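Chains as they are written, first to last, in the numbering used here: chain A, 3 to 149; chain B, 15 to 95.
In this text, a Cβ means the ideal position worked out from N, Cα and C, and glycines have one as well.
This structure is a prediction, so every number in the text was calculated from the model and none was measured.
Taking it in order: structure first as structure tokens, then the write-up.
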């Protein structure tokens with residue numbers, strides 16, 4: 003398990019290539035990447051992500067540990083950035099490795115659902131009109147019920 | 015104890031953290047003490063359903079006891095991913 007919280011961009015290709023490399027017992031690797039999305043009506047200048055140093059790492063480790071207990075996983079990787087980002091930049095990625103794909107897919111979705119509303123990150127969108135904190139969506143909270 | 019604020023809670027109160035000397039037994043009591051201080055606190059704590067709290071870096075609820083807690087953090091619902 004590897005948890006990384008950093009300001010700098012990460013190299014998705016290098017991370018995905020190195021993840022679970024050489025693990026001949028892992029038949030499936032799933033990766034997800036979150037990307038800063040531009041706003042359709044009000045062009046986004048900057049997405050600023052704030053986090054709670056210390057609790058962030060602790061929360062991500064807890065979520066990744068729970069995923070490892072629920073599914074048969076060989077490895078888990080979570081990288082999440084903070085600070086200012088522009089549209090098209092990669093915000094975060096998760097990767098899961100498992101002997102079979104069902105576990106790898108389910109664990110990746112579980113990780114995403116939980117880190118969206120249980121890891122202490124907050125997004126602020128800065129446009130030409132001003133700055134707004136992104137509100138949490140009810141559906142993000144509801145998504146946890148399926149686990 | 016150290017009290018930390020994040021996102022719009024930090025912006026409304028105007029500082030990221032402060033040392034608070036309180037004998038509040040629960041988070042809810044601490045919130046009442048803070049809200050009584052000044053308008054900016056009252057505004058930040060006006061709707062508890064829009065807030066989350068963490069005690070020593072674990073999510074908790076507003077009725078949780080504060081005995082032994084060193085770090086309390088208030089923030090809006092999280093928006094990671």
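Are residue i and residue j touching if we call contact CB-CB under 8 Å?
| i | j | result |
| --- | --- | --- |
| residue 6 (chain A) | residue 106 (chain A) | no |
| residue 46 (chain A) | residue 89 (chain A) | yes |
| residue 91 (chain B) | residue 119 (chain A) | yes |
| residue 149 (chain A) | residue 21 (chain B) | no |
| residue 109 (chain A) | residue 73 (chain A) | yes |
| residue 93 (chain A) | residue 48 (chain A) | no |
Cutting at 8 Å between CB atoms, please list the residues of its own chain near residue i, excluding the five before and the five after it.
| i | result |
| --- | --- |
| residue 55 (chain A) | 7 |
| residue 29 (chain A) | 100, 101, 102, 103 |
| residue 129 (chain A) | 41, 44, 45, 46, 47 |
| residue 53 (chain B) | none |
| residue 74 (chain B) | 41, 67, 68 |
Can you say whether residue i is buried or exposed, counting buried as having 16 or more other CB atoms within 10 angstroms of its CB?
| i | result |
| --- | --- |
| residue 98 (chain A) | buried |
| residue 3 (chain A) | exposed |
| residue 93 (chain B) | buried |
| residue 11 (chain A) | exposed |
| residue 81 (chain B) | exposed |
| residue 13 (chain A) | exposed |
| residue 41 (chain A) | exposed |
| residue 144 (chain A) | exposed |
Distance, Cα to Cα, residue i vs residue j?
| i | j | result |
| --- | --- | --- |
| residue 24 (chain B) | residue 50 (chain A) | 15 Å |
| residue 68 (chain B) | residue 58 (chain A) | 11 Å |
| residue 89 (chain B) | residue 61 (chain A) | 15 Å |
| residue 141 (chain A) | residue 95 (chain B) | 14 Å |
| residue 65 (chain A) | residue 25 (chain A) | 23 Å |
| residue 84 (chain A) | residue 111 (chain A) | 21 Å |
| residue 39 (chain B) | residue 131 (chain A) | 43 Å |
| residue 37 (chain B) | residue 83 (chain B) | 11 Å |
| residue 122 (chain A) | residue 53 (chain A) | 6 Å |
| residue 26 (chain B) | residue 23 (chain A) | 47 Å |
| residue 36 (chain A) | residue 78 (chain A) | 16 Å |
| residue 137 (chain A) | residue 146 (chain A) | 17 Å |
| residue 117 (chain A) | residue 34 (chain B) | 30 Å |
| residue 80 (chain A) | residue 15 (chain A) | 14 Å |
| residue 72 (chain B) | residue 66 (chain B) | 11 Å |
| residue 70 (chain A) | residue 30 (chain B) | 34 Å |
| residue 61 (chain B) | residue 28 (chain B) | 18 Å |
| residue 68 (chain A) | residue 51 (chain B) | 40 Å |
Tell me which same chain residues have a C-beta within less than 7 Å of the C-beta of residue i, skipping the five on either side of it?
| i | result |
| --- | --- |
| residue 42 (chain B) | 76, 77 |
| residue 27 (chain A) | 76, 101 |
| residue 44 (chain B) | 36, 38, 80, 86 |
| residue 114 (chain A) | 34, 96 |
| residue 47 (chain B) | 36, 38 |
Would you say the beta carbon of residue i comes nearer than 7 Å to a heavy atom of the ligand FMN?
| i | result |
| --- | --- |
| residue 114 (chain A) | The ligand FMN is not part of this structure, which contains no ligands at all. |
Keeping to the same chain, check which residues put their C-beta closer than 6 Å to that of residue i; ignore five residues upstream and five downstream.
| i | result |
| --- | --- |
| residue 49 (chain B) | 55, 56, 59 |
| residue 85 (chain B) | 16, 70 |
| residue 134 (chain A) | 127 |
| residue 32 (chain B) | 17 |
| residue 18 (chain A) | 33 |
Residue ranges of each beta strand (DSSP E) run of no fewer than 3 residues wholly in the stretch 42-67 of chain A, ordered along the chain? Along the stretch 42-67 of chain A, the beta strand (DSSP E) occurs as fully enclosed runs of 3 or more residues at 46-53, listed in sequence order.
Ranges of the beta strand (DSSP E) found wholly within the stretch 109-143 of chain A, counting only runs of at least 3: Runs found: 123-129, 132-135.
Any alpha helix (DSSP H) of 4 or more consecutive residues that is wholly inside the stretch 29-93 of chain B: Runs found: 41-49, 53-58.
With a floor of 3 residues, list each beta strand (DSSP E) that falls wholly inside the stretch 75-103 of chain A, ordered by position along the chain. Runs of the beta strand (DSSP E) inside the stretch 75-103 of chain A: 77-83, 85-87, 92-100.
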